[in-house]
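Chemist: Quick one: this structure, given as structure tokens, is what I'll be asking you about.
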Amino acid sequence: MIVYLRRKRKKTKAILFSTLVLILLTVVVSIRVSTLYVKNLQLEKDEMKLEQQIEAEEEKHIDLLKQKEYIKSDEYIEQLGREKFGLVKPDEIIFVNEEE
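Residue 9 is where the sequence shown starts when you use this note's numbering, and the numbers rise one by one after that.
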């Protein structure tokens with residue numbers, strides 16, 4: 009009977025220890041999962057911001073390409089000559105406003 013009680017105590021201690029280890033592992037895994045979840049949310053936010061930045065930069069790139077083509081055009085050269093250098097075509101008449 010004493011041997012039976014000792015075996016029962018050992019089994020009870022083993023079950024208690026196993027339960028404690030299982031609970032501890034569950035807590036550790038839960039903490040790790042929640043940490044990874046928060047990190048994942050942050051990374052998704054960062055990804056969205058970066059995608060928006062990429063879109064903005066692509067739009068800037070398109071605008072710069074359009075501006076580059078415009079600068080190469082005769083229309084731009086004519087506008088630049090008129091605004092910066094005051095040039096006119098030979099058959100044009102210039103009117104000057106005396107109030108200014």
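The beta-carbon is built from N, C-alpha and C at its ideal position, and this holds for glycine as well. As the structure is a prediction and not an experimental result, all values here were calculated from the model.
The alpha helix (DSSP H) spanning glutamate 83 covers which residue range?
Modeler: 82–93
Chemist: Would you kindly work out how many angstroms separate the C-alpha atoms of valine 37 and tyrosine 45, rounded to a whole number?
Modeler: 12 Å
Chemist: Output the distance between the C-alpha atoms of lysine 47 and arginine 40, rounded to the nearest integer angstrom.
Modeler: 11 Å
Chemist: With a CB to CB cut of under 6 Å and the five nearest residues on each side skipped, what residues in its chain are close to aspartate 99?
Modeler: none
Chemist: Between serine 26 and the rest of its own chain, which residues show a CB-CB distance below 7 Å, the 5 nearest in sequence each way excluded?
Modeler: none
Chemist: Put asparagine 105 into one of helix, strand or coil per three-state DSSP.
Modeler: coil
Chemist: Using three-state DSSP, classify leucine 99 as helix, strand or coil.
Modeler: The amino acid at residue 99 is misidentified as leucine; the sequence shows aspartate. Looking at aspartate 99 - three-state DSSP - the assignment turns out to be coil, as it is neither helix nor strand.
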